[in-house]
Amino acid sequence: MEEPSKFEQYVYKNASVYHYMKISLVLENGNKYITDAQFKQLIICGLKDLYGEVGASFPFDLLKFDENELTGILRVNNSGLVKLWSALTLLGSYQNEACAFRVTQVSPFLLALSGNSRELRFGDQLICRAQVALRG
18 MEEPSKFEQY VYKNASVYHY MKISLVLENG NKYITDAQFK QLIICGLKDL
68 YGEVGASFPF DLLKFDENEL TGILRVNNSG LVKLWSALTL LGSYQNEACA
118 FRVTQVSPFL LALSGNSREL RFGDQLICRA QVALRG
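Sequential numbering of the sequence shown, starting at 18, is according to my numbering.
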C-alpha cells in the first residue's frame with residue numbers, strides 16, 4: 018500500500034530582490050535644467066546628509082530619467098528602501114533653492130511602474146478607475 022503524499026506549502030513573501038521607485042523633483046523656481054548625473058548626485062547628497070559617509074555609499078541605480086519632467090525611476094535593494102525613501106523625503110534644497118522629492122509609485126515589479134491603474138486612457142478620453150467600475 019502506498020503512503021499518502023505529504024502536503025508541502027511554500028510561501029514567498031517577496032521573491033524580488035529589488036524595489037523600484039518612480040520619483041519626481043519639484044523645484045520652487047520650477048525652471049532649472051538638471052542632468053541625470055546631477056539628479057543622482059542630489060539623491061546621494063540627501064543620503065549623506067541623513068546617514069553620513071556610509072549613507073553616501075548606499076547602492077541604488079537611476080534606471081530612467083526625464084530631463085523635461087524631472088522624473089526618474091530608481092532601483093534599490095529591499096533592505097534599503099526605507100532609508101532611501103526617508104532621505105528623499107527630508108531633502109529640502111538644491112543649489113540654495115527649495116525643492117522636494119515626490120514619490121509617485123513604489124513596487125517590487127518594474128512593470129507595475131509603466132502605467133497608473135488609477136487613470137486609464139482610451140484615445141483622448143481620461144477615464145478614472147471609479148468610472149470603469151461603474152460601467153462594468
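Ideal Cβ positions, reconstructed from N, Cα and C, are used throughout, including at glycine.
What do you get for Leu-91, buried or exposed, if any count of 16 or more other CB atoms within 10 angstroms of its CB means buried? Of the other Cβ atoms in all chains shown, 16 or more fall within 10 Å of the Cβ of Leu-91; this residue is therefore buried.
Nearest to Val-123 by CA position, among Lys-81, Ile-40 and Glu-114, is which residue? Among Lys-81, Ile-40 and Glu-114, the Cα nearest to that of Val-123 is on Ile-40.
For Gly-69, does the count of other Cβ atoms within 10 angstroms reach 16, so buried, or fall short, so exposed? Within a 10 Å sphere around the beta-carbon of Gly-69 sit fewer than 16 other beta-carbons, which makes this residue exposed.
Would you tell me roughly how many angstroms separate the C-alpha atoms of Lys-65 and Met-38, rounded to the nearest one? CA-CA distance, Lys-65 to Met-38, rounds to 19 Å.
Would you give the residue range spanned by the beta strand (DSSP E) that Thr-121 belongs to? That run of the beta strand (DSSP E) goes 114-124.
Per DSSP, which one or two residues make a beta bridge with Val-43? Per DSSP, the beta-bridge partners of Val-43 are Ala-117.
Using the Cβ count rule (16 or more neighbours within 10 Å means buried), how would you classify Ala-150? Residue confidence for Ala-150 is low, a pLDDT of 47 falling below 50, so the modelled location carries little weight; the figure read from the coordinates is stated next. In this structure Ala-150 is exposed. Its beta-carbon is surrounded by fewer than 16 other beta-carbon atoms within 10 angstroms.
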